[in-house]
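S.K.:
Number of protein chains: 2
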Amino acid sequence: MSDEKISLQSAICPMPLSHTDQIVIGHGSGGRMTHDLIQSVFAKQFSNPALDQNNDAASLNIPSLSQSCQRIAVSTDCHIVSPLFFPGGDIGRLAVCGTVNDVSMLGAKPHYLTAGFILEEGFAISDLIKIVASMKQAADEAVVQIVAGDTKVVEKGKADGLFITTTGVGFIPDGREIGGEYAQDGDQIMVSGTLGDHGIAVLAARGDLGFETTIQSDVAPLNHLIDLLLSAAPHTHVLRDPTRGGLATTLNEIAVQSQVGILLQEQELPVRDEVRAACNILGFDPLYVANEGKVIAIVPAAEAEEALSAMRSHPYGKDARIIGKVNSTPAGRVLLKTTIGATRVLDMLSGSMLPRIC
Amino acid sequence: MSDEKISLQSAICPMPLSHTDQIVIGHGSGGRMTHDLIQSVFAKQFSNPALDQNNDAASLNIPSLSQSCQRIAVSTDCHIVSPLFFPGGDIGRLAVCGTVNDVSMLGAKPHYLTAGFILEEGFAISDLIKIVASMKQAADEAVVQIVAGDTKVVEKGKADGLFITTTGVGFIPDGREIGGEYAQDGDQIMVSGTLGDHGIAVLAARGDLGFETTIQSDVAPLNHLIDLLLSAAPHTHVLRDPTRGGLATTLNEIAVQSQVGILLQEQELPVRDEVRAACNILGFDPLYVANEGKVIAIVPAAEAEEALSAMRSHPYGKDARIIGKVNSTPAGRVLLKTTIGATRVLDMLSGSMLPRIC
Chain A
23 MSDEKISLQS AICPMPLSHT DQIVIGHGSG GRMTHDLIQS VFAKQFSNPA LDQNNDAASL
83 NIPSLSQSCQ RIAVSTDCHI VSPLFFPGGD IGRLAVCGTV NDVSMLGAKP HYLTAGFILE
143 EGFAISDLIK IVASMKQAAD EAVVQIVAGD TKVVEKGKAD GLFITTTGVG FIPDGREIGG
203 EYAQDGDQIM VSGTLGDHGI AVLAARGDLG FETTIQSDVA PLNHLIDLLL SAAPHTHVLR
263 DPTRGGLATT LNEIAVQSQV GILLQEQELP VRDEVRAACN ILGFDPLYVA NEGKVIAIVP
323 AAEAEEALSA MRSHPYGKDA RIIGKVNSTP AGRVLLKTTI GATRVLDMLS GSMLPRIC
Chain B
23 MSDEKISLQS AICPMPLSHT DQIVIGHGSG GRMTHDLIQS VFAKQFSNPA LDQNNDAASL
83 NIPSLSQSCQ RIAVSTDCHI VSPLFFPGGD IGRLAVCGTV NDVSMLGAKP HYLTAGFILE
143 EGFAISDLIK IVASMKQAAD EAVVQIVAGD TKVVEKGKAD GLFITTTGVG FIPDGREIGG
203 EYAQDGDQIM VSGTLGDHGI AVLAARGDLG FETTIQSDVA PLNHLIDLLL SAAPHTHVLR
263 DPTRGGLATT LNEIAVQSQV GILLQEQELP VRDEVRAACN ILGFDPLYVA NEGKVIAIVP
323 AAEAEEALSA MRSHPYGKDA RIIGKVNSTP AGRVLLKTTI GATRVLDMLS GSMLPRIC
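So the sequence lines, in the order shown, correspond to chains A and B.
Just so you know, this note's numbering puts 351 at position 329 of the first sequence, and the rest follows in order with no gaps.
Just so you know, this note's numbering puts 360 at position 338 of the second sequence, and the rest follows in order with no gaps.
1) Secondary structure at Val169/A, three-state DSSP: helix, strand or coil?
2) Measuring CB to CB, does Lys347/B end up less than 8 Å from Ile211/B?
3) So with CB distances below 9 Å, who are the chain B contacts of Ala181/A?
4) Tell me the start and end of each unbroken alpha helix (DSSP H) in the stretch 278 to 339 of chain B that is at least 4 residues and wholly inside, in chain order.
5) Using a C-beta cutoff of 8 Å, does Tyr134/B count as contacting chain A?
6) How about the stretch 241 to 255 of chain A and the stretch 63 to 80 of chain B: do they share at least three Cβ pairs that are nearer than 8 Å?
7) Taking C-beta to C-beta, are Arg343/B and Pro292/B nearer than 8 Å?
8) In its own chain, which residues sit with a C-beta less than 7 Å from the C-beta of Glu203/A, not counting the 5 before and 5 after it?
9) By the three-class DSSP mapping on this structure, what secondary structure does Ile147/A have?
10) Considering only the alpha carbon of each residue, which of Phe107/A, Pro322/A, Thr272/A and Gly183/A lies closest to Leu229/A?
11) At a CB-CB cut-off below 8 Å, which residues of chain B make contact with Leu128/A?
12) Thinking C-alpha only, which one of Ile153/A, Met127/A and Ser148/A is nearest Gly416/A?
13) What residues in its chain sit with their C-beta under 7 Å from that of Leu225/B, if we drop five residues either side in the sequence?
14) When Cβ atoms are compared, which residues of the stretch 48 to 78 of chain B fall closer than 9 Å to chain A?
15) Can you grab the Cα-Cα spacing for the pair Gly305/A / Arg262/A, in whole Å?
16) Just mark Gln75/A as buried or exposed, buried being the case when its beta carbon has 16 or more other beta carbons within 10 Å.
17) Identify the contact partners of Ala353/B in chain A, using a Cβ-Cβ distance below 9 Å as the criterion.
18) Quick check on the DSSP output: the alpha helix (DSSP H) that includes Asp219/B runs from which residue to which?
19) Counting only C-beta atoms, is Asp172/B closer than 8 Å to chain A at any point?
20) Pick out whichever of Thr351/A, Pro352/A and Glu234/A has its Cα sitting closest to the Cα of Val297/A.
21) Report the partner residues of Asn349/A according to the DSSP bridge assignment.
22) Report the three-state DSSP secondary structure of Val118/A (helix, strand or coil).
23) One question on the structure: do Pro71/B and His133/B come within less than 8 Å of each other, judged by their Cβ atoms?
24) Taking Thr188/B and Gly120/B to be in contact with their CB atoms under 8 Å, please state how far apart those CB atoms are, rounded to whole angstroms.
25) Is the Cβ of Pro36/B closer than 8 Å to any Cβ of chain A?
26) Taking Cβ-Cβ distances shorter than 7 Å, what residues in chain B pair up with Ala223/A?
27) Could you tell me whether the Cβ of Val154/A comes closer than 8 Å to any Cβ of chain B?
28) Would you call the stretch 147 to 156 of chain B and the stretch 145 to 152 of chain A touching, i.e. three or more CB-CB distances under 8 Å?
29) Does the Cβ of Asn123/B have 16 or more other Cβ atoms within 10 Å, making it buried, or fewer, making it exposed?
30) Taking the alpha-carbon positions, what's the Pro322/B to Leu309/B distance?
31) Take Val356/A as the anchor and find which of Asp295/A, Ile276/A, Ser156/A and Asp341/A has the nearest alpha-carbon.
32) Using a Cβ cut-off of 8 Å (strictly closer), state whether Gly373/B contacts chain A.
33) Is Thr173/B closer than 8 Å to His449/B when the C-beta atoms are compared?
34) At which residues does the beta strand (DSSP E) containing Ile211/B begin and terminate?
35) Which one or two residues does DSSP pair with Val63/B in a beta bridge?
36) Which residues, in order along the stretch 316 to 328 of chain A, keep a beta-carbon less than 9 Å from a beta-carbon of chain B?
This is the structure we're talking about:
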């Protein structure tokens with residue numbers, strides 16, 4: 023080791039971040055430039071006692087809930103949406119909401135998020151600042167804290183601007199048993215609102231539609247809506263958000279997990295006219311298009327009306343509908359009763375309809 | 023919505039994974055191909071009751087530890103190492119060990135990991151299988167479970183083969199207070215083994231050295247070593263793994279957090295001859311080169327000998343050394359007493375010495 027090398031390193035004064043406008047490889051070094059980026063972009067927005075510990079991991083209290091809690095819920099999602107900004111949201115809002123929602127689908131209360139950023143060299147720091155601010159806004163809305171993070175940089179051409187991986191930790195009140203395996207014969211199936219908005223909004227933002235549209239992504243944190251729902255319908259069996267693969271794929275997963283039949287009523291399925299029109303032109307089926315702010319709830323018939331009212335009392339659930347029911351047969355299958363009275367099988371999505379929508 | 027579209031989708035029989043040898047966009051669709059990939063690659067290796075729940079989040083028991091526990095430790099890391107395979111390890115082992123180690127640095131017991139995979143279209147499935155098997159092996163060695171995951175696919179040229187983001191959850195026994203802010207005047211500083219092995223091994227794997235070397239990465243899970251250490255030295259103040267930025271950057275972080283001075287003895291710093299030789303030729307300082315299987319422990323003098331013996335009793339700590347001590351001044355600075363008796367300042371890494379080593 024030579025003194026000169028170190029003295030040289032000490033003498034290099036890193037440029038203040040305000041003087042650079044793009045991500046450079048040095049921002050991923052783990053040294054001074056990484057610290058500067060973290061302080062001036064991430065810590066500025068996300069600052070909280072857990073994150074500000076600046077240790078290798080965050081030390082987090084297990085909260086005292088109104089009920090006791092012996093289980094945590096953990097979920098992770100990589101976000102690669104293209105483009106990064108789209109009507110109704112951006113990759114930052116998506117990354118926070120997607121993980122908040124996944125944790126909430128066990129009936130858990132999401133508390134803590136981590137966020138890992140893979141940045142491409144040359145990415146505009148002004149865009150990063152916008153995205154981080156959007157994450158902060160979504161986290162505040164959901165009332166969760168971003169408690170740990172990581173930032174890596176790859177060379178130009180080795181990524182696509184920015185990927186964000188979020189992991190969420192929530193706490194499951196004792197006695198709560200919600201999951202895809204609990205659907206039962208006679209349960210009512212409801213969805214919190216219109217289908218396909220997110221996928222079509224992202225497609226529109228890519229300019230792939232070939233026509234103008236006003237469709238906005240539905241990306242939103244659903245934990246408060248789910249709190250209301252579970253207060254009204256405490257015996258809810260299943261919660262699931264129909265993201266990639268859409269409603270049809272998600273219901274197929276549940277039908278298999280619970281070994282039940284699912285029967286949907288086509289005339290009850292809420293789809294915006296603009297989304298239906300876009301799907302017709304493009305040859306898509308809105309039942310397979312991703313949503314990012316919708317929840318499917320499968321609820322005992324005795325609590326279905328209360329559940330529906332509770333969802334409709336929240337802005338993100340105002341278009342909630344009962345869309346079908348659970349039968350004992352055909353086990354593992356989803357059937358659709360069409361508007362003309364025919365019944366057909368809705369299968370899981372095959373192949374890839376809309377890549378990079380989340 | 024049209025029946026034909028769905029019937030067509032139902033009729034497309036996805037190719038069994040064994041008949042494809044590369045990742046295609048459909049593997050990220052969230053539909054049947056994603057399920058096939060998950061079942062045949064990920065679930066096959068990682069299967070455990072938590073992962074096999076197949077819900078949006080994993081429901082995990084808060085374990086009964088020997089001591090009671092009211093805090094969790096959470097950490098996340100994005101892994102972008104290039105190349106994916108290097109002497110002594112691969113991105114899979116790195117992703118598991120890096121996160122196990124970060125969680126352990128609070129004195130927490132790591133239990134659960136999540137893993138998010140961003141795959142580039144065209145990536146060889148045989149390589150993915152190798153990497154996933156390596157993750158499983160590292161997780162088994164550390165005795166942690168991979169409980170949740172996500173898989174996304176981007177078009178060819180929009181990523182670099184594979185990125186893996188891991189998040190770890192551990193449990194902190196009550197009363198344990200370990201962190202970068204707790205170093206105190208008089209503490210002894212030790213490191214569990216030789217410095218710079220990982221960074222130089224990755225560089226060698228890139229063919230950037232211009233000469234042959236037998237240096238292997240030190241990538242390893244340190245949680246068992248740390249268990250031994252904390253049994254022997256229960257009042258340990260700081261644990262930190264010197265990854266990106268190396269020993270010098272990590273000690274600078276600690277000196278600032280604790281507002282203490284750190285004095286290192288150059289002749290005590292363990293560096294392999296091959297690593298020193300490679301660094302001399304390349305103009306690197308091994309004190310700034312990343313390690314992935316080393317821990318810095320800062321321990322009260324009264325427990326230092328016990329701590330050192332405990333580390334040396336574990337295979338990953340056999341080369342452990344006391345390398346310096348903590349002083350009250352100069353606050354926030356790291357000094358090196360050189361072999362010729364001079365004292366110089368060791369600053370934090372500036373710029374980027376070795377990109378994409380983790």
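Glycine included, every Cβ here is placed at the ideal spot set by N, Cα and C.
M.R.: So, from the listed chains and residues:
1) Locating residue 169/A in the first sequence gives position 147, counting from the first residue. Three-state DSSP puts Val169/A in a strand.
2) If you number the second sequence from 1, residue 347/B lands on position 325. If you number the second sequence from 1, residue 211/B lands on position 189. Contact flag set, yes.
3) The residue labelled residue 181/A in the question sits at position 159 within the first sequence. Ala181/A reaches chain B at Ile102, Ile140, Val176, Lys180, Ala181, Asp182 and Phe185, counting residues in chain order whose Cβ is nearer than 9 Å.
4) 295 to 304 and 323 to 334
5) For the purposes of this step, residue 134/B is taken as residue 112 along the second sequence, with counting starting at 1. It does: the Cβ of Tyr134/B has a partner Cβ on chain A nearer than 8 Å.
6) No, the stretch 241 to 255 of chain A is not in contact with the stretch 63 to 80 of chain B.
7) What you label residue 343/B is simply residue 321 of the second sequence in a count that begins at 1. What you label residue 292/B is simply residue 270 of the second sequence in a count that begins at 1. In this structure, Pro292/B lies closer than 8 Å to Arg343/B by Cβ.
8) Position 181 of the first sequence, counting from 1, holds the residue named residue 203/A. Taken in chain order, the residues that qualify are Gln279 and Ser280.
9) For the purposes of this step, residue 147/A is taken as the residue at position 125 of the first sequence. Three-state DSSP puts Ile147/A in a helix.
10) Here the question's residue 229/A lines up with position 207 in the first sequence. This sequence places Gly at residue 229/A; Leu is not what is there. The residue with the shortest Cα to Cα distance from Gly229/A is Phe107/A.
11) Indexing the first sequence from 1 puts residue 128/A at position 106. By Cβ distance, chain B contributes Asn77, Asp78, Ala79 and Ser81.
12) Nothing about residue 416/A can be read from this structure; chain A reaches only from 23 to 380.
13) As a working mapping, residue 225/B is identified with position 203 in the second sequence. Cβ neighbours of Leu225/B beyond the five flanking positions: Leu231 and Leu376.
14) Taking 9 Å as the upper bound on Cβ-Cβ separation, chain A lies near residues Gly48, His49, Gly50, Ser51, Gly52, Gly53, Arg54, Met55, Thr56, His57, Ala72, Gln75, Asn76, Asn77 and Asp78 of the stretch 48 to 78 of chain B.
15) Residue mapping note: residue 305/A aligns to position 283 of the first sequence, counting from 1. Residue mapping note: residue 262/A aligns to position 240 of the first sequence, counting from 1. In a straight line, the C-alpha of Gly305/A is about 26 Å away from that of Arg262/A.
16) As a first step, residue 75/A is located in the first sequence; it is residue number 53 there, counting from the start. Per the 10 Å Cβ criterion, buried.
17) On the second sequence, position 331 is the one that residue 353/B refers to. None at all; the shortest Cβ gap to chain A is about 16 Å.
18) As a position in the second sequence, residue 219/B is number 197, starting the count at 1. Residues Asp219 to Ala227.
19) As a working note, residue 172/B is residue 150 in the second sequence. By this cut-off, Asp172/B is an interface position.
20) Here residue 297/A corresponds to residue number 275 of the first sequence, with the count starting at 1. Minimum Cα distance to Val297/A is reached at Glu234/A.
21) Walking along the first sequence from the start, residue 349/A turns up at place 327. Checking the DSSP bridge columns, you'll see Asn349/A partnered with Gly283/A.
22) Along the first sequence, one-based indexing puts residue 118/A at 96. Val118/A: helix per DSSP, three-state reduction.
23) Mapped onto the second sequence, residue 71/B falls at position 49. Mapped onto the second sequence, residue 133/B falls at position 111. It is not a contact, given that the beta carbons lie outside the stated cut-off.
24) Working through the second sequence from its first residue, we reach residue 188/B at position 166. Working through the second sequence from its first residue, we reach residue 120/B at position 98. Sure, about 7 Å apart at Cβ, within 8 Å.
25) The residue you call residue 36/B lines up with position 14 of the second sequence. Confidence at Pro36/B is low in this model, with a pLDDT of 44, below 50, so its placement is unreliable and the value that follows should be read with caution. Closer than 8 Å: yes.
26) For the purposes of this step, residue 223/A is identified with residue 201 of the first sequence, where counting begins at 1. By Cβ distance, chain B contributes nothing, its closest Cβ being about 17 Å from Ala223/A, past 7 Å.
27) Counted from its first residue, the first sequence places residue 154/A at position 132. So no, Val154/A is outside the interface.
28) Result no; under three Cβ-Cβ pairs closer than 8 Å.
29) Mapped onto the second sequence, residue 123/B falls at position 101. When all chains shown are included, Asn123/B counts as buried.
30) Counting from 1 along the second sequence, the entry for residue 322/B is found at position 300. Counting from 1 along the second sequence, the entry for residue 309/B is found at position 287. Going by the C-alpha atoms only, they are around 24 Å apart.
31) Taking the first residue of the first sequence as position 1, residue 356/A is located at position 334. Per the Cα distances, Ile276/A.
32) Here residue 373/B refers to the residue found at position 351 when the second sequence is read from its first residue. Yes, contact with chain A.
33) Lying before the first or after the last residue shown, residue 449/B is absent from chain B, which here runs from 23 to 380.
34) The residue you call residue 211/B lines up with position 189 of the second sequence. Element bounds for Ile211/B: Gln210 to Val213.
35) Counted from its first residue, the second sequence places residue 63/B at position 41. Beta-bridge pairing links Val63/B to no other residue.
36) Cβ contacts with chain B come from no residue of the stretch 316 to 328 of chain A.
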